[in-house]
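Notes follow the structure.
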Amino acid sequence: MPTKNVRYARMALNEKTGRFSICKGTRVVKVSPLKPDMDIIRFAAKIIRRGGLVAFPTETVYGLGADAFNPKAVMKIFEVKERPADNPIIVHVSSKAQVRMLAKEVPEEAERLMDAFWPGPLTVALRKVDELPGVVTAGLDTVAVRMPNHKVALALIEEAGTPIAAPSANLAGKPSPTTAQHVIDDLAGRIDMILDAGPTRIGVESTVVDVTSSPPQILRPGGIPYEKIKEVLGEVKLHPVAVADRPTSVAGARSPGMKHRHYAPNAQLIVVEGEINNVIAKILEIANSHLKEGKKVGILTTDETKDSYNVGIVKSLGSRRNLSSIARNLFKLLREFDDEKVDIIIAEGVPLKDLGLAVMNRLRKASGFIIVKA
Ligand code: TXA
Ligand code: MG
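Each number in the working numbering comes from the position in the sequence shown (counting from 1) with 774 added on.
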């Protein structure tokens, strides 16, 4: 339930502007992504300071924020998302000075990554300070930190005057939210406020890099491609779980989030990978066999290949020549298929390079590793 002890009465929010509505007790407020209204930001920041939960836009996906130094508030994030308690949360900062509040030391590799990619979709895992509540990091001795590249997020952190712990603002296991409506669908009635600044630009989450190991390791591919990180660091490993195409043992995984089912729509998802003409033939074959059984079939395809399908509900992620467009639309289309109540989604694989690596990591996990090699 939304926080009771937050007093809203004196807040100067104009309910007549049309930017403000209430959905099951959760305040939903439209805010400009380019020039956020500071009255609205201050209102949201006050909720954070008083221990409430605010969903806010970042350049990747919407986050569900709480004061990182308030363990009760962070506990509420786990409750409302129904998130497994062993999955740690990323802490968001608006300045490099705030990193010192969170991390004991900042290795040289981390400095280089921050200089190159902050603000942006890059998260670094650092040794945590003792003062940071253990609930944030699920008991790990490291804390994952990122500075988002979004005016609303940065202004909110700045005004709150505290680093903000924020996982993606979806129910655990569901596709991450790339619009405020996605957050409403999952969390309305459970949180205090949603800041709606329109669809997010990148559409997949940040890249998580563990810089406490040598060489540094990418634990989750994301908005900053592996290739770019390698350019900056010289040497970087991709954790085997991050690129797995079958269920992998995660004993000793540095990122407990790796082992949970993720990004999954309600429908069964099948990923078909291989040479593109073989992929199309295979998808048609699988689609037809399910249609014969009376199933509702969705096909997740690309601009170049979409006309090859004359059966099922066909949705294009974007152009294969623009993998960032594919990343941007991925979670949105998975949710659309759920809204249309398809029984099965068959997805074309995309190249494992640039943002395609993050896309394939999400698709493979969402399928529960039901992967057909064509
Ligand atoms: O783009 C993003 O990263 C979005 C926006 C809201 O910033 N956030 C996000 O958070 O995706 P979440 O909670 O959905 O994913 C956090 C990931 C999980 O895979 C988690 O296991 C990992 O980061 N993580 C968090 N703390 C960690 C730590 N100390 N060490 C290793 N991995 C960590
Ligand atoms: Mg998430």
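Where a beta carbon is used, it is the ideal one built from N, C-alpha and C, also for glycine.
Please read these numbers as outputs of a predicted model, since none were measured by experiment.
A786 versus S806: straight-line alpha-carbon distance, rounded
Position 12 of the sequence shown holds residue 786. Position 32 of the sequence shown holds residue 806. For A786, the predicted model reports a pLDDT of 46, less than 50, meaning its position is unreliable; a value from the coordinates is still stated below. So the two alpha carbons sit approximately 17 Å from each other.
R1136 in three-state terms, based on DSSP
On the sequence shown, residue 1136 is found 362 positions in, with the first residue counted as 1. Three-state DSSP puts R1136 in a helix.
Beta strand (DSSP E) segments (min. 3 residues) lying fully within the region 847-875
none
Neighbourhood of I1145 by C-beta distance below 7 Å, restricted to the same chain and skipping five residues each side:
Counted from its first residue, the sequence shown places residue 1145 at position 371. D1019, V1045, E1047 and R1138, listed in sequence order.
Using C-beta distances below 7 Å, list every residue in its chain close to E1009, excluding the 5 sequence neighbours before and after it, in chain order.
Reading the sequence shown from its first residue, position 235 is the one you call residue 1009. Counting only Cβ-Cβ distances below 7 Å, and skipping sequence neighbours, we find P989.
Hey, is the region 820-833 in contact with the region 877-886, meaning 3+ C-beta pairs nearer than 8 Å?
no
When you compare only the Cα positions, how much space is there between E856 and D1112?
What you label residue 856 is simply residue 82 of the sequence shown in a count that begins at 1. What you label residue 1112 is simply residue 338 of the sequence shown in a count that begins at 1. So the two alpha carbons sit approximately 20 Å from each other.
Please give me, in chain order, every unbroken run of the alpha helix (DSSP H) with length at least 4 that falls completely inside the region 1091-1123.
1097-1113
Going by DSSP in three states, G825 sits in which element: helix, strand or coil?
If you number the sequence shown from 1, residue 825 lands on position 51. Looking at G825 - three-state DSSP - the assignment turns out to be coil, as it is neither helix nor strand.
Under three-state DSSP, which class holds S795?
Sequence index remark: in the sequence shown, residue 795 carries index 21 (1-based). Reduced to three states, the DSSP call for S795 is strand.
Assess contact between the region 912-920 and the region 994-1014, defined as three or more Cβ pairs (one per stretch) separated by less than 8 Å. Is contact present?
no
Quick check on this structure: which residue in S942, R1094, F830 and E1005 has the alpha carbon closest to the alpha carbon of M967?
As a working note, residue 967 is residue 193 in the sequence shown. Here the closest residue by C-alpha is F830.
Would you check if the distance between the CB atom of I1057 and the CB atom of I1118 is smaller than 9 Å?
For the purposes of this step, residue 1057 is taken as residue 283 along the sequence shown, with counting starting at 1. For the purposes of this step, residue 1118 is taken as residue 344 along the sequence shown, with counting starting at 1. In this structure, I1118 does not lie closer than 9 Å to I1057 by Cβ.
Over what stretch of residues does the alpha helix (DSSP H) that includes E932 continue unbroken?
Position 158 of the sequence shown, counted from the first residue, corresponds to residue 932. K925 to A934 is the span of the alpha helix (DSSP H), which, as asked, contains E932.
If you draw a straight line from the C-alpha of I863 to the C-alpha of T1022, how long is it?
Here residue 863 is taken as the residue at index 89 of the sequence shown, counted from 1. Here residue 1022 is taken as the residue at index 248 of the sequence shown, counted from 1. Approximately 22 Å between the Cα atoms of the pair.
Does DSSP classify R975 as helix, strand or coil?
What you label residue 975 is simply residue 201 of the sequence shown in a count that begins at 1. The answer is coil: DSSP assigns R975 none of H, G, I, E or B.
Given this structure, state the Cα-to-Cα distance separating T1076 from R793, to the nearest angstrom.
Within the sequence shown, residue 1076 is the residue found at index 302, counting from 1. Within the sequence shown, residue 793 is the residue found at index 19, counting from 1. One C-alpha to the other measures close to 35 Å.
How about S869: is its Cβ closer than 8 Å to a heavy atom in the ligand TXA?
Walking along the sequence shown from the start, residue 869 turns up at place 95. No, the Cβ of S869 stays beyond 8 Å of every heavy atom of the ligand TXA.
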